[in-house]
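S.K.:
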Amino acid sequence: MKATFISIIAGLVGFLTGPLTTNPSARNYNQAIIWPEGFHPTESKFYVENEIEIDASPEIVWSILIEAESWPNWYEGAKDVKVTGKNSPNLSQEARLSWKTMGLKFDSEVREFEINQRLAWLSDKKSIQGYHVWIITPTETGCRVLTAETQNGWLTFFEKIFQPKKLHRLHDIWLAALKQKAESAQP
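In this note's numbering, the protein residues as written are 134 to 320.
1. Enumerate in chain order the residues of its own chain whose CB-to-CB distance from Glu186 is below 6 Å, with the five nearest sequence positions on each side excluded.
2. Helix, strand or coil: which one does DSSP assign to Leu311?
3. Enumerate in chain order the residues of its own chain whose CB-to-CB distance from Ala165 is below 6 Å, with the five nearest sequence positions on each side excluded.
4. Pairs of beta-carbons, one from the region 166 to 177 and one from the region 192 to 208, closer than 8 Å: are there three or more?
5. Determine contact between the region 226 to 237 and the region 198 to 215, defined as no fewer than three beta-carbon pairs at a distance below 8 Å.
6. Excluding the five sequence neighbours on either side, which residues of its own chain have a C-beta within less than 6 Å of the C-beta of Ile142, listed in chain order?
7. In terms of residue numbering, what span does the beta strand (DSSP E) encompassing Asn183 cover?
8. Does the separation of the CB atoms of Thr280 and Pro174 fall below 9 Å?
9. For Leu308, which residues from the same chain have a beta carbon less than 8 Å from its beta carbon, with the 5 sequence-adjacent residues on both sides left out?
10. Helix, strand or coil for Pro271, going by three-state DSSP, please let me know.
11. Does the region 207 to 227 come into contact with the region 243 to 259, if we say contact requires no fewer than three beta-carbon pairs (one atom in each stretch) closer than 8 Å?
12. Which stretch, first to last residue, makes up the alpha helix (DSSP H) that contains Ser196?
13. My assumption, with CB atoms under 8 Å, is that Ala201 sits in contact with Val216. Please give the rounded CB distance.
14. Mind checking which residues open and close the beta strand (DSSP E) that includes Thr289?
15. For Leu252, count neighbouring Cβ atoms within 10 angstroms of its own Cβ and tell me buried if that reaches 16, exposed if not.
16. Within 10 Å of its beta-carbon, does Pro191 have 16 or more other beta-carbons around it, so buried, or fewer, so exposed?
This is the structure we're talking about:
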């Protein structure tokens, strides 16, 4: 009885303090992602990874993705997006974006910007810090889009307990909407 209780407590502690992934293959961690210090999935408290095949060129997908102020028009998880930087309203290297997602307001800074290939931003607030990456890989019929995010901070504790699959689900919705928009933009 005592051993069972200890096992349950140990499992619960491991679940609540270790990284969470809702993607079983994500434990392999995509090697194409360049994680900043403290944000590698093995160092973070929360991790999700999603991907989709899109029958549109990387150029079309990229042009839609960097038009951040338009996200609320086609992605339900983004609200009140405002971009500041040299190419605003589009994202660019070192651009900043202020926006709401998952009910929280974030100020994010673009950290990676490789045209038609990769985009990443860091969101940093007292309660939660996140690093969100997009990788676009050409395929024979268009491209594969991978998005991954790691999070740290005390709010991740509650995210794991009360809505552990919400971020993964929202990223699936984001990718599906991106696919629909990109494929309908084809010439």
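Here a beta-carbon is modelled for each residue, glycine too, at the ideal position from N, C-alpha and C.
M.R.: With the structure as the only source:
1. The count along the sequence shown starts at 1 and reaches residue 186 at position 53. Here the set comprises Arg277.
2. Translated into positions along the sequence shown, residue 311 becomes position 178. DSSP places Leu311 in helix when its eight states are reduced to three.
3. As a first step, residue 165 must be located in the sequence shown, where it is residue number 32. A distance below 6 Å between beta-carbons, with the five flanking residues on each side excluded, links Ala165 to the following residues of its chain, in chain order: Ile268.
4. Contact between the region 166 to 177 and the region 192 to 208 is absent, because fewer than three Cβ pairs lie under 8 Å.
5. Result yes; three or more Cβ-Cβ pairs closer than 8 Å.
6. What you label residue 142 is simply residue 9 of the sequence shown in a count that begins at 1. Note on Ile142: pLDDT 44, under 50, position unreliable in the model; the coordinate value appears next. So the list is empty, once near-sequence residues are dropped.
7. Position 50 of the sequence shown, counting from 1, holds the residue named residue 183. The continuous beta strand (DSSP E) containing Asn183 extends over residues Phe179 to Ile187.
8. In the sequence shown, counting from the first residue as 1, residue 280 sits at position 147. In the sequence shown, counting from the first residue as 1, residue 174 sits at position 41. For the pair Thr280 and Pro174, the CB atoms are not nearer than the 9 Å cut-off.
9. In the sequence shown, residue 308 corresponds to position 175, counting from 1. Asn183, Glu184, Ile185, Val278 and Thr280, listed in sequence order.
10. Counted from its first residue, the sequence shown places residue 271 at position 138. Correct three-state label for Pro271: strand.
11. Because the criterion of three Cβ pairs below 8 Å is met, the region 207 to 227 and the region 243 to 259 touch.
12. One-based indexing of the sequence shown puts residue 196 at position 63. Where Ser196 is concerned, the enclosing alpha helix (DSSP H) stretches over Pro191 to Leu198.
13. Reading the sequence shown from its first residue, position 68 is the one you call residue 201. Reading the sequence shown from its first residue, position 83 is the one you call residue 216. Between Ala201 and Val216 the beta-carbon gap is near 5 Å, inside 8 Å, which marks them as a contact.
14. Taking the first residue of the sequence shown as 1, we reach residue 289 at position 156. Not the beta strand (DSSP E): Thr289 falls in the alpha helix (DSSP H), residues Leu288 to Phe295.
15. Here residue 252 refers to the residue found at position 119 of the sequence shown. Buried is the call here.
16. Position 58 of the sequence shown, counted from the first residue, corresponds to residue 191. With 16 or more Cβ atoms within 10 Å of its Cβ, Pro191 is classed as buried.
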